[in-house]
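One structure below.
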Amino acid sequence: MSTETHVDIEQLRRRQPRFQGLESGHRACLGCGEALAARLVLESAGPNVMIANATGCLEVFSTAWPESAWRVPWVHSLFENAAAVAAGMEAALKHQGQSAKVLAFAGDGGTFDIGFQAVSGMLERGHNVLFVCFDNEAYMNTGIQRSGSTPHAAVTTTSPAGRERMGKRHLKKDIVSIIAAHHVPYAATATVAYPSDLRKKVRRAIDVDGPSFLHVHSPCPLGWGHDSEKSIAVSRLAVETGLFPIIELERGELTGAMPIRHPKPVTEYLKLQNRFRHLFADDPRAREELEHLQALADYNIEVYGLLGDGPDPLDTSGIDKVYRGGAKWA
Amino acid sequence: MTIYTRGGYALPGSSLAFKTGSWRVQKPRHVHGAAPCHAVCPAGEDAQAWLARVDEGDVQNAWRTLVQANPLPAITGRVCPHPCESACNRGEMDAPVAIHAVERYLGDEAIRHAWDFGVPTPKADAPRVAVVGAGPAGLAAAYHLLKLGLRPTLFDKNPSAGGTCLTAIPSYRLPREVLGAEVEHLLSLPIDYRPRTILGRDVSIEELRADFAATILAPGQQQPRPWSVDGVTPKDLHQGLDLLESWNSLQTAPAPFSAAVVGAGNTAIDVARVLKRAGVTEVHVISHKAKPGPGVPEDDVMPALAREIAEALEEGIHIHEHRGVRRLILRGERVVGVEMVHMKKLRRANGRLSRVAFDGTETVLHCDQVIPAVGQVLDTRGFESLLDAHGWFDLDDVMRVAGQRDVFVAGDAGGNAGTVTAAVGQGRVTAGAVAQLVRGHEPTIEAPRLAVPFSALNVHYHESAPRAEERVLPVAERGESNEVDLGLDRLDVEAEARRCLSCGNCMACDNCWTLCPDSAVLKTREIASDGSHYVFDYDYCKGCGLCAAECPCGYIEMIEDL
Chain A
14 MSTETHVDIE QLRRRQPRFQ GLESGHRACL GCGEALAARL VLESAGPNVM
64 IANATGCLEV FSTAWPESAW RVPWVHSLFE NAAAVAAGME AALKHQGQSA
114 KVLAFAGDGG TFDIGFQAVS GMLERGHNVL FVCFDNEAYM NTGIQRSGST
164 PHAAVTTTSP AGRERMGKRH LKKDIVSIIA AHHVPYAATA TVAYPSDLRK
214 KVRRAIDVDG PSFLHVHSPC PLGWGHDSEK SIAVSRLAVE TGLFPIIELE
264 RGELTGAMPI RHPKPVTEYL KLQNRFRHLF ADDPRAREEL EHLQALADYN
314 IEVYGLLGDG PDPLDTSGID KVYRGGAKWA
Chain B
272 MTIYTRGGYA LPGSSLAFKT GSWRVQKPRH VHGAAPCHAV CPAGEDAQAW
322 LARVDEGDVQ NAWRTLVQAN PLPAITGRVC PHPCESACNR GEMDAPVAIH
372 AVERYLGDEA IRHAWDFGVP TPKADAPRVA VVGAGPAGLA AAYHLLKLGL
422 RPTLFDKNPS AGGTCLTAIP SYRLPREVLG AEVEHLLSLP IDYRPRTILG
472 RDVSIEELRA DFAATILAPG QQQPRPWSVD GVTPKDLHQG LDLLESWNSL
522 QTAPAPFSAA VVGAGNTAID VARVLKRAGV TEVHVISHKA KPGPGVPEDD
572 VMPALAREIA EALEEGIHIH EHRGVRRLIL RGERVVGVEM VHMKKLRRAN
622 GRLSRVAFDG TETVLHCDQV IPAVGQVLDT RGFESLLDAH GWFDLDDVMR
672 VAGQRDVFVA GDAGGNAGTV TAAVGQGRVT AGAVAQLVRG HEPTIEAPRL
722 AVPFSALNVH YHESAPRAEE RVLPVAERGE SNEVDLGLDR LDVEAEARRC
772 LSCGNCMACD NCWTLCPDSA VLKTREIASD GSHYVFDYDY CKGCGLCAAE
822 CPCGYIEMIE DL
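Chains as they are written, first to last, in my numbering: chain A, 14 to 343; chain B, 272 to 833.
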C-alpha cells in the first residue's frame with residue numbers, strides 16, 4: 014500500500030487535537046524516553062506554564078542555538094539551580110498576580126546529585142512549583158557517567174564491569190522517600206510506558222497549590238544499550254518486574270500504587286540492556302548480582318504492596334488497554 | 272478563520288526549521304496485513320473488517336461488509352467449521368473470538384430487518400451468465416455475478432433453493448425458517464431464478480453455452496458413495512444421505528432398536544443424531560478416526576465439527592473410535608450385527624497414509640441396521656461431455672473445466688470444497704473469473720495473502736477477556752427439530768467484537784500518535800488516504816521504530832530508508 018498522502022502535513026500539524034509543548038525538530042536521539050516524557054508532561058500541563066530547566070540532555074537537545082523546540086516560556090540557568098530559579102519565577106509571578114504554573118525540569122543529575130540542595134530548599138519553602146525529574150539513571154549528556162540514580166550493578170563509563178567490580182557498587186538513591194520526607198502535598202512516580210497514568214499524575218500535581226514532585230522513568234537507548242524501538246518495552250518491564258514501583262505519596266504517606274498483575278523476573282528487564290550484559294556472564298559474582306537485583310525488586314513489591322488483591326482495571330495489564338478510536342488517551 | 276490548537280503554531284526560531292528526518296535509516300509505513308481469520312476463510316470473508324464495524328456499533332454496516340464476500344451468513348454462521356476461529360490470534364492469548372456466533376447474529380439481523388444488499392440492478396444489455404444448481408455455491412455465484420454487473424440465471428432441479436443445506440443438514444443445526452428466509456432474501460435480488468429445471472432433461476449444456484456468455488456449474492454431490500463390505504450389502508440398506516433427505520423433507524426415518532452409522536464426517540454425526548430423534552434407542556457411530564480431544568493429532572481427528580460431536584455424545588450416541596467394519600453379520604439378508612476391528616491410519620513405507628486393520632482385535636456390535644455415511648459423489652447426468660476419464664471435472668486454477676473457454680465449476684462438484692463456506696467461496700471466485708472473461712481478460716485469481724502472525728502484534732495493550740459462550744439447548748428440550756445452538760445476544764456479540772485484536776489493520780487507538788518522541792505522527796480528522804487515521808511526518812521522523820513496536824495491531828512496519 015502506498016504511504017503517499019494527500020494531507021497537507023504542515024496544516025495538519027497546526028491542528029492536532031492536543032497541546033504540543035515540545036515541538037518536532039529537537040535533537041534527541043532515536044527513541045529518547047526523556048523527549049517522550051517531556052512531551053507527555055507538557056501535553057497535560059497545558060500551555061499556561063513556564064519552565065525552569067536544569068542543564069542536561071533535555072536542555073541541550075531542545076535548544077540548539079538559534080532554535081528552540083519549546084512552545085512555552087522556558088529558561089535555563091545552571092545545572093544545580095533549576096529548583097531555585099523556579100522558586101524565584103513562582104515568587105515573581107505571585108507578586109505580579111499571574112496564574113501560570115511554574116515547572117522545574119531536571120534530569121537525575123540535576124535532581125539526585127548536583128541540584129539536590131536547591132530541590133530540597135524549594136520544597137521546604139513551599140513554593141507552588143511542580144518539579145519533574147526525568148530519570149535516565151546516569152549523566153547521559155556528558156557521556157554516561159554514573160549518578161546517584163544509576164541502579165546497582167549497572168555499567169556506566171565511570172562504573173565499568175571488570176575484575177574489581179560488577180558495575181555500580183552502590184544502590185540507587187531512594188529519591189521519592191527523600192522528597193516525601195519534606196511532607197510535600199504530592200509526590201509520584203510514573204513512566205513513559207504508562208502515558209495515561211503519567212498524564213493523570215501531571216494534572217493532579219498541577220492542581221496542587223504548593224510543591225509537588227514527579228519522578229519519571231525515562232529510558233535512554235544510547236546509555237542503557239537497548240534498541241531505540243524498545244524504550245517503552247524496557248520501561249514497561251521496569252514496572253512489571255517491581256524495579257520501578259509506580260506510587261503516589263501525599264504528605265509523605267503512600268496513597269496509591271499501581272499493582273503488578275503478573276510480576277516478571279528482573280532478568281527480563283535486564284537482558285534487554287547492554288548496561289547489564291555482564292550479569293549474564295558465567296560468573297558467580299554475576300549470579301549473585303542478579304539475585305541481588307531480584308531481591309531489590311521483591312523488596313519494592315513487598316514494601317509498596319504491589320501485588321494488589323486480584324485483577325485491577327488500573328494495574329499494569331489493564332491501564333493501557335487500547336480501544337478502537339483511541340478513547341484510552343482521552 | 273482557521274483556528275489552531277494553542278501552542279500548535281510555529282514562531283520564528285522554532286526547531287521545526289531543523290528537519291530531523293535526514294537522520295533516518297529506516298522509516299515506518301502503514302501496511303494492511305491480512306488477519307488470520309481473513310487469510311484462512313474459505314469464503315474469503317474479512318472477519319476483522321466486519322468485527323471492527325460491530326465494535327463501532329454499526330451492525331448494519333458490519334453485515335454490509337460481511338456480504339461483500341458471503342451473502343449467506345445466517346447459514347454459514349451455523350454450519351461452518353469456522354477455520355477462522357482455529358486461526359484467530361486471540362487464541363494464543365486466551366480464547367479465539369467467537370467469529371461464527373457474530374456472523375450468525377449479523378445474518379439473523381439482516382433477515383429480521385430485511386437489510387438491502389446494496390447491489391445495483393444490472394444494465395439490460397449486460398452479459399447473461401447461467402448458474403446450474405441453487406445450493407450455496409450457485410447462490411453465491413449468482414450474487415457475485417450480480418455484484419459484478421452481470422445478469423445471472425439460476426437453474427435448480429428442486430422446487431426450492433438451498434441444495435445440500437436443504438437436503439442434508441438437519442433442522443436442529445440449521446432451522447428451515449432461517450435457511451428459507453436467507454435464501455429468499457438473496458433471491459429477492461434481480462436474479463432470474465428457474466426452479467424445477469433439470470440439466471439434461473429441460474435444458475442441455477449445449478443450449479446453455481449457446482444462450483449465455485458463460486456457465487457456472489454448481490450441482491453439488493448428491494449421490495451417496497457406493498458402499499459394501501467385501502461386495503456384500505444388506506437388502507434393507509439405507510444410505511445416510513438419503514435418510515437425511517427423507518428426514519429433512521418428510522420427517523420420516525427408519526426406527527429400528529439399534530443402528531450403526533459408518534463414517535466420521537458431519538453426515539455420519541447428522542445421521543446418528545437424526546436416528547436418535549426418530550426414536551432409535553441405541554445409536555452407534557463407527558469411526559476410523561479419533562474423537563477430538565487434547566493431544567489428538569490434527570490428522571487423526573474425526574472431520575465432523577467438534578461441537579457436533581460433543582452434542583451427539585451428550586445425546587447418548589456411542590462413538591467407536593479407531594474402528595472399521597470388517598464383516599457384516601447377516602441372518603438371511605438382514606443385518607444382525609457388524610464385526611468391528613481396530614484400525615488406524617499409518618504412514619506406510621511409500622510415505623502415504625493408509626488405514627491398517629489389526630488382526631485379533633475383532634469385536635461384534637449387535638445392531639439391526641447399518642447405515643453408511645462415507646461420502647458423496649457427483650451425479651453426472653447432464654454434463655457427461657465435460658467429464659474426464661475418471662468421471663470428474665478436470666479444473667484449472669480459476670476453476671474452469673480444462674479445455675473449455677466458458678464453463679466453470681463451483682462447490683462440491685469440483686471435488687475440493689467440502690463445506691458450505693468453501694462452496695460460497697468458490698461461487699465468488701468463479702463469478703470473478705467469469706466477469707474477467709466476459710470483459711475480454713484472461714481470468715486470474717488473487718494471490719493468497721499471508722496472515723499477520725501473533726508475534727507481529729503488541730498484546731500488552733489488550734487485557735485478557737473471557738470468550739462469550741453460546742447457550743446450548745439442554746438434551747431434554749431438543750425434541751425432533753429444535754435448534755440446539757442458541758447463538759449470542761447483542762451484548763455478547765459486541766463484547767466479542769471488542770475482543771478482536773484487529774490483526775493487521777489500524778484500530779485508531781492513538782498509540783503511535785501518543786508514543787512518538789518526535790511528534791512525527793500526526794492524527795487526521797478524517798481517514799488518511801492510506802486507510803489509517805494517522806500520517807507520518809517524514810520531515811521529522813528519525814526512524815526509531817517505537818510506533819511499529821508499540822502498534823497493537825501489527826499495522827506499522829519499518830522499511831529501509833537510506
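No residue lacks a Cβ here, since even glycine has one placed at the ideal position from N, Cα and C. As the structure is a prediction and not an experimental result, all values here were calculated from the model.
Check: If you measure from the beta carbon of A/L43 to each beta carbon in chain B, is any gap under 8 Å?
Finding: yes
Checklist line | chain A within 8 Å of B/E734, Cβ atoms only | finding: yes
Checklist line | Backbone CA spacing between B/R861 and B/D396 [nearest angstrom] | finding: The first residue shown for chain B is 272 and the last is 833, placing residue 861 of chain B beyond what the model contains.
Next item on the list: Check the Cβ-Cβ distances between B/L657 and every residue of chain A, and say whether any is below 8 Å.
Entry: no
Margin query: Can you check whether the C-beta of A/K284 is within less than 8 Å of a C-beta belonging to chain B?
Written below: no
Checklist line | Alpha-carbon to alpha-carbon, A/S231 and A/A151 | finding: 11 Å
Notebook entry, point to check: Can you tell me whether B/Y732 is buried or exposed, with buried defined as 16 or more other CB within 10 angstroms of its CB?
Noted result: buried
Note to self: Counting only beta-carbon separations shorter than 8 Å, does B/E765 have a partner in chain A?
What the structure shows: no
Note to self: So, under 8 Å CB-CB, A/N66 and A/V88 are touching, yes? Tell me the CB distance rounded to an integer number of Å.
What the structure shows: 7 Å
Check: Looking at the unbroken alpha helix (DSSP H) that takes in B/D482, where does it start and where does it end?
Finding: I476 to D482
Checklist line | Coarse secondary structure for B/L425, derived from DSSP in three states | finding: strand
Check: Can you name the start and end residues of the alpha helix (DSSP H) that A/M135 belongs to?
Finding: F129 to R138
Note to self: Less than 8 Å between CB atoms is the rule here; does B/M778 satisfy it with respect to chain A?
What the structure shows: yes
Note to self: Can you list, in chain order, the residues of its chain with a C-beta nearer than 6 Å to that of A/A343? Leave out the 5 residues immediately preceding and following it.
What the structure shows: Because A/A343 carries a pLDDT of 41, less than 50, the predicted location of this residue cannot be relied on, and the following value inherits that uncertainty. There are no such residues.
Next item on the list: Consult DSSP for B/C308 and reduce its assignment to one of helix, strand or coil.
Entry: helix
Next item on the list: Run down chain A in chain order and give the residues with a C-beta less than 7 Å from the C-beta of B/Y811.
Entry: S37 and G38
Notebook entry, point to check: Grouping DSSP H, G and I as helix and E and B as strand, with all else coil, what is B/T486?
Noted result: strand
Checklist line | Members of the region 216-248 of chain A that neighbour chain B once the beta carbon cut-off is set at 9 Å | finding: P234, D240, S241, E242, K243, S244, I245 and A246
Item checked: the region 312-329 of chain B / the region 763-782 of chain B touching (three or more Cβ pairs under 8 Å) -> yes
Margin query: Between A/Q111 and chain B, is the shortest Cβ-Cβ distance under 8 Å, so that the two count as touching?
Written below: no
Check: By the criterion of Cβ-Cβ separation under 7 Å, what are the contact partners of A/E80 in chain B?
Finding: G284, S285, S286, A288 and F289
Notebook entry, point to check: Counting Cβ pairs, one atom from each stretch, are 3 or more of them under 8 Å apart for the region 129-148 of chain A and the region 217-224 of chain A?
Noted result: yes
Item checked: Cα-Cα separation, A/S244 to A/P234 -> 7 Å
Check: When Cβ atoms are compared, which residues of the region 323-356 of chain B fall closer than 9 Å to chain A?
Finding: A323, D326 and E327
Next item on the list: Alpha carbon to alpha carbon, how far is B/E356 from B/M614? Give it in angstroms, no decimals.
Entry: 31 Å
Check: Taking a cut of 7 Å between CB atoms, which residues from the region 194-212 of chain A lie near chain B?
Finding: P208
Item checked: Under 9 Å by beta carbon: chain A residues contacting B/K794 -> L25, Q29, P30, R31 and G339
Note to self: Is it buried or exposed, A/N154, if we count other Cβ atoms within 10 angstroms and call 16 or more buried?
What the structure shows: buried
Item checked: Contact with chain A by B/L786, beta-carbon distance below 8 Å -> yes
Next item on the list: Leaving out five residues on either side along the sequence, give the residues of the same chain with a beta carbon under 6 Å from the beta carbon of A/T16.
Entry: For A/T16, the predicted structure reports a pLDDT of 44, less than 50, and the residue's modelled location is therefore unreliable. The matter cannot be settled from this model.
Checklist line | Nearest neighbour of B/P527, chosen from B/Q697, B/H509, B/S520 and B/A539 [CA to CA] | finding: B/H509
Item checked: chain A contact residues for B/V806, given Cβ-Cβ distances below 7 Å -> T18, V20, I22 and L25
Item checked: Nearest residue (CA-CA) to A/A119, options A/W78, A/Q130, A/L71 and A/R138 -> A/L71
Check: Got a sec, what are the start and stop residues for the alpha helix (DSSP H) B/R355 sits in?
Finding: The sequence shown places Cys at residue 355 of chain B, not Arg. Residues P354 to A358.
Check: Where does A/F11 land, buried or exposed, given buried means 16+ other C-beta within 10 angstroms?
Finding: A query on residue 11 of chain A cannot be resolved here, the shown segment of chain A reaching from 14 to 343 and no further.
Item checked: C-alpha gap between B/W294 and B/V730, whole angstroms -> 30 Å
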